Amino acid sequence: MSTFSQRLKELRIDRALTQSEFGALFNLSKQTISGYEKGDAAPPIETLQKFADFFGTTTDDLLGRKPIKIIPNEDGIITKEDMRKAGITSEEIDIIKVTRKEGLTAEDIQHLAEVVKRHKSNSADHVDKKQHDPKIFLP
Numbered sequence: 135m136s137t138f139s140q141r142l143k144e145l146r147i148d149r150a151l152t153q154s155e156f157g158a159l160f161n162l163s164k165q166t167i168s169g170y171e172k173g174d175a176a177p178p179i180e181t182l183q184k185f186a187d188f189f190g191t192t193t194d195d196l197l198g199r200k201p202i203k204i205i206p207n208e209d210g211i212i213t214k215e216d217m218r219k220a221g222i223t224s225e226e227i228d229i230i231k232v233t234r235k236e237g238l239t240a241e242d243i244q245h246l247a248e249v250v251k252r253h254k255s256n257s258a259d260h261v262d263k264k265q266h267d268p269k270i271f272l273p
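The structure is reproduced here in structure tokens:
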């Protein structure tokens with residue numbers, strides 16, 4: 135049974151609803167709800183959103199997704215280990231360090247990314263032209 139299946143059944147039972155009663159609220163059959171709760175079927179995203187609204191929760195919660203939490207220690211510091219636990223790579227940590235050191239804003243970084251993208255595109259075009267230019271092989 136998937137996390138969604140377990141979560142849906144748990145929330146439905148907490149509301150003291152049968153599968154038929156719960157399904158009727160969304161114009162779904164008892165068999166459809168049973169399929170969701172057994173993990174035999176998955177609801178469309180629109181239905182998932184309606185379920186989340188009904189239960190006063192989020193689709194992430196229904197799917198069993200946990201938010202990434204990075205909590206600073208008592209000194210207000212987030213360590214490299216904390217960042218790694220949150221799935222942030224060493225390269226990303228290095229980028230954060232450079233960004234802070236240089237005082238770059240999000241706008242600066244976006245501009246730099248666009249410049250690099252254009253540079254890579256121009257470099258690729260230049261290499262392609264060299265490969266097709268017969269003059270390159272002349273003495």
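Throughout, the working numbering is defined as the position within the sequence shown, counted from one, plus 134. We put the CB at the ideal spot given by N, CA and C, even for glycine. All figures in this text were calculated on a predicted structure; none of them were measured in a lab.
Inset, instruction - Mind the definition here: the region 135-152 touches the region 167-176 only if three or more C-beta pairs lie below 8 Å; say whether that holds. - result: Yes, the region 135-152 is in contact with the region 167-176.
Inset, instruction - Give the straight-line distance between the Cα atoms of residue 141 and residue 218, rounded to the nearest whole angstrom. - result: As a working mapping, residue 141 is identified with position 7 in the sequence shown. As a working mapping, residue 218 is identified with position 84 in the sequence shown. Residue 141 and residue 218: Cα-Cα distance of roughly 29 Å.
Legend entry - Beta-carbon proximity list for residue 146, same chain, < 6 Å, skipping 5 on both sides: Counting from 1 along the sequence shown, the entry for residue 146 is found at position 12. Excluding residues within five positions, the ones whose Cβ falls inside 6 Å are 156.
Legend entry - Burial state of residue 196, where buried means 16 or more other Cβ atoms lie within 10 Å: Counting from one through the sequence shown, the residue named residue 196 turns up at place 62. By the beta-carbon neighbour count (other beta carbons within 10 angstroms, threshold 16), residue 196 is buried.
Legend entry - Three-state secondary structure assigned by DSSP to residue 216: Here residue 216 refers to the residue found at position 82 of the sequence shown. Correct three-state label for residue 216: helix.
Legend entry - DSSP three-state assignment for residue 176, whether helix, strand or coil: Indexing the sequence shown from 1 puts residue 176 at position 42. Shown here, residue 176 sits in coil according to DSSP, grouped into three states, outside any helix or strand.
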